[in-house]
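Chemist: Got a structure for you, written out below as structure tokens; questions coming shortly.
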């Protein structure tokens, strides 16, 4: 049985599942908005769901809150404030809490940025994806380049000094110059964080059924190398597979995932990982996915719950922690899983022998080869 010597950091994820139109590459639990948003009912349901978990987590301070979707910025600032006020009445906020809201650069949402700031959001994540109209059209986005630039500018005017820009590469018909153009234009607005990730074709998406022509692997690799060089030159640290940050501006919420902290997810389709420090059990929960079902109080129970076995803890820790380019301290494994380092000594030796982990006794740190072949590295710990 795992033994935990100190409380794990705790984050809150709030899923707001509606969007104007589902993107052809999106495999998230998002639903096109056919009518008006049921804001009041959904906010009330979120807080009712939170109540169910309070006996286990109420004493633990929240280090971060993240509003994801869907398109959370479709909700009014008043609704966001009601959620934050409701959470604050029930839980403890860390003095340095990070509160992020995902926003898409539609003109109807830009006017809300100031109000979101007043409601308590202190970090904005803008889903730009590209700053070229033809690429946005290929991605099925409903905004254009001018709208995206306006959104960034208005976020800054609203007082967001800490904001992320989402960009993608490996897009249909994209050249290396196209990818670098997007990065250079985004960097001109001095974001504190960039999420720059490769377009992948996921099951159950429109692109999976009608795949677009994408650049060849060698071109995508060259894009990645050129982009990383540019971002490093501009003072950004490449701290996770797809995440780049200015000094001191890494995403606390996502870092808590990658460092295998605890998180509570509320909302349709939200997932949770919670540790019971008394019993040593680590449990995953998943909520029902469809918003209509979620809003029906007779059906709103976690769809699944699973207590993680030791082998699950080992694999899931490595699956997350090894995404970090600088790795994690070896002691974090024991702190976050409750297991002894002896549990993984042979597997670590195997990863080092294959050149996928650096020979550092105090850290689990992927080598350059390990970062490039991350699936191979993580796969070593799959059957632990």
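Residue numbers (our numbering): 14 to 397. Even for Gly, the Cβ is constructed at its ideal location relative to N, Cα and C. Every value quoted in this text rests on a predicted model; they were computed, and no experiment measured them.
1) In chain order, which alpha helix (DSSP H) runs of at least 4 residues are fully inside the region 332-366?
2) Note down the Cα distance separating residue 212 from residue 133, rounded to an integer number of angstroms.
3) Who are residue 42's beta bridge partners in DSSP?
4) Out of curiosity, what's the CA-to-CA distance linking residue 358 and residue 343?
5) Is the beta carbon of residue 198 closer than 9 Å to that of residue 207?
6) With residue 276 and residue 286 assumed to form a contact (beta carbons below 8 Å), what rounded beta-carbon distance in angstroms separates them?
7) Helix, strand or coil: which one does DSSP assign to residue 141?
8) Would you check whether the ligand ZN has a heavy atom nearer than 8 Å to the C-beta of residue 259?
9) I need the straight-line Cα distance from residue 196 to residue 15, nearest angstrom please.
10) Kindly list the residues whose CB is nearer than 8 Å to the CB of residue 255, restricted to its own chain and excluding five residues on each side of it in sequence; keep chain order.
11) Helix, strand or coil for residue 300? Go by DSSP, reduced to three states.
12) Look at the alpha carbon of residue 127 and the alpha carbon of residue 356, and state the distance between them as a whole number of angstroms.
13) Here's the rule: buried if 16 or more other CB atoms are within 10 angstroms of the residue's CB, otherwise exposed. What is residue 240?
14) For the region 42-51 against the region 105-117, do three or more pairs of beta-carbon atoms, one drawn from each stretch, fall closer than 8 Å, so that the two count as touching?
15) Among all the DSSP beta bridges, which residues are the ones paired with residue 107?
16) For residue 236, which option in 131, 154, 192 has the closest C-alpha, if you only look at C-alpha atoms?
17) With distances taken from CA atoms, which of 43, 149, 112, 36 is nearest residue 283?
18) My output table needs one value for residue 156: the three-state DSSP class, helix, strand or coil.
19) Give the list of continuous alpha helix (DSSP H) stretches no shorter than 4 residues that lie fully inside the region 149-193.
20) Under a Cβ-count criterion, where at least 16 other Cβ atoms within 10 Å of its own Cβ denotes burial, should residue 111 be classed as buried or exposed?
21) In this structure, how does DSSP classify residue 418 when only helix, strand and coil are distinguished?
22) Going by other Cβ atoms of all chains shown within 10 Å of its Cβ, with 16 needed for buried, is residue 77 buried or exposed?
23) By Cβ distance, which residues of its chain are closer than 6 Å to residue 365, with the 5 residues on each side in sequence left out?
24) Taking the beta strand (DSSP E) that residue 88 falls in, what are its first and last residues?
25) How many Å lie between residue 387 and residue 229 at the Cα?
26) Between which residues of its own chain and residue 297 is the CB-CB distance below 6 Å, once the five residues before and five after are set aside?
27) So for residue 200, helix, strand or coil by DSSP?
28) Please confirm whether residue 295 and residue 305 have their CB atoms less than 9 Å apart.
29) Got a sec, what are the start and stop residues for the alpha helix (DSSP H) residue 274 sits in?
30) Can you tell me the Cα-Cα spacing of residue 261 and residue 32, whole angstroms?
31) Under a three-way DSSP split, which group does residue 251 fall into?
Modeler: According to the structure shown:
1) Fully enclosed alpha helix (DSSP H) runs of 4 or longer: 343-350, 358-366.
2) Position 199 of the chain shown, counted from the start, is the residue given in the question as residue 212. Position 120 of the chain shown, counted from the start, is the residue given in the question as residue 133. Whole-angstrom Cα-Cα distance: 32 Å.
3) Within the chain shown, numbered from 1, the residue matching residue 42 stands at position 29. DSSP output for residue 42 lists no bridge partner at all.
4) Taking the chain shown and counting its residues from 1, the one referred to as residue 358 is at position 345. Taking the chain shown and counting its residues from 1, the one referred to as residue 343 is at position 330. Straight-line Cα distance between these residues: approximately 11 Å.
5) By 1-based counting over the chain shown, the position of residue 207 is 194. By 1-based counting over the chain shown, the position of residue 198 is 185. Cβ atoms of residue 207 and residue 198: not closer than 9 Å.
6) What you label residue 276 is simply residue 263 of the chain shown in a count that begins at 1. What you label residue 286 is simply residue 273 of the chain shown in a count that begins at 1. Confirmed, about 6 Å.
7) Start at 1 with the first residue of the chain shown, and residue 141 comes out as number 128. DSSP places residue 141 in strand when its eight states are reduced to three.
8) In terms of ligand content, the structure shown is empty, and the ligand ZN therefore cannot be addressed.
9) The residue labelled residue 196 in the question sits at position 183 within the chain shown. The residue labelled residue 15 in the question sits at position 2 within the chain shown. Cα to Cα, residue 196 sits roughly 44 Å from residue 15.
10) Taking the first residue of the chain shown as 1, we reach residue 255 at position 242. Hits under 8 Å: 208, 209, 210, 211.
11) Sequence index remark: in the chain shown, residue 300 carries index 287 (1-based). In the structure shown, residue 300 sits in coil (DSSP, three-state: anything other than H, G, I, E or B).
12) Taking the chain shown and counting its residues from 1, one reaches residue 127 at position 114. Taking the chain shown and counting its residues from 1, one reaches residue 356 at position 343. C-alpha separation (whole angstroms): 50 Å.
13) By one-based count along the chain shown, residue 240 stands at place 227. Buried is the call here.
14) In the pairwise beta carbon analysis, the region 42-51 is classified as not touching the region 105-117: fewer than three pairs are separated by under 8 Å.
15) For the purposes of this step, residue 107 is identified with residue 94 of the chain shown, where counting begins at 1. According to DSSP, which records beta bridges pairwise, residue 107 is partnered with nothing at all.
16) Here the question's residue 236 lines up with position 223 in the chain shown. Ranking 131, 154, 192 by Cα distance to residue 236 puts 192 first.
17) The residue you call residue 283 lines up with position 270 of the chain shown. Residue 43 is the option with its Cα nearest to residue 283.
18) Walking along the chain shown from the start, residue 156 turns up at place 143. Coil at residue 156, not helix or strand.
19) 158-170
20) Here the question's residue 111 lines up with position 98 in the chain shown. Counting Cβ neighbours within 10 Å, residue 111 comes out buried, since at least 16 surround it.
21) Nothing can be reported for residue 418, as the shown portion of the chain is limited to 14 through 397.
22) Indexing the chain shown from 1 puts residue 77 at position 64. Its Cβ being crowded by 16 or more others within 10 Å, residue 77 is buried.
23) Counting from one through the chain shown, the residue named residue 365 turns up at place 352. So the qualifying residues of the chain are 372.
24) Taking the chain shown and counting its residues from 1, the one referred to as residue 88 is at position 75. Residue 88 -> no beta strand (DSSP E), and no H or E assigned at all.
25) Within the chain shown, numbered from 1, the residue matching residue 387 stands at position 374. Within the chain shown, numbered from 1, the residue matching residue 229 stands at position 216. Computed Cα separation, rounded: 20 Å.
26) The sequence position of residue 297 within the chain shown is 284, counting from 1. Counting only Cβ-Cβ distances below 6 Å, and skipping sequence neighbours, we find 286, 319.
27) Translated into the one-based positions of the chain shown, residue 200 becomes position 187. If DSSP states are grouped into helix, strand and coil, residue 200 belongs with the helices.
28) The residue you call residue 295 lines up with position 282 of the chain shown. The residue you call residue 305 lines up with position 292 of the chain shown. Not closer than 9 Å, so no.
29) For this step, residue 274 is matched to residue 261 along the chain shown. Looking at the DSSP string, residue 274 is not in any alpha helix (DSSP H), and its letter there is neither H nor E.
30) Taking the chain shown and counting its residues from 1, one reaches residue 261 at position 248. Taking the chain shown and counting its residues from 1, one reaches residue 32 at position 19. In a straight line, the C-alpha of residue 261 is about 32 Å away from that of residue 32.
31) Against the chain shown, residue 251 aligns to sequence position 238. Residue 251 falls in the strand class under three-state DSSP.
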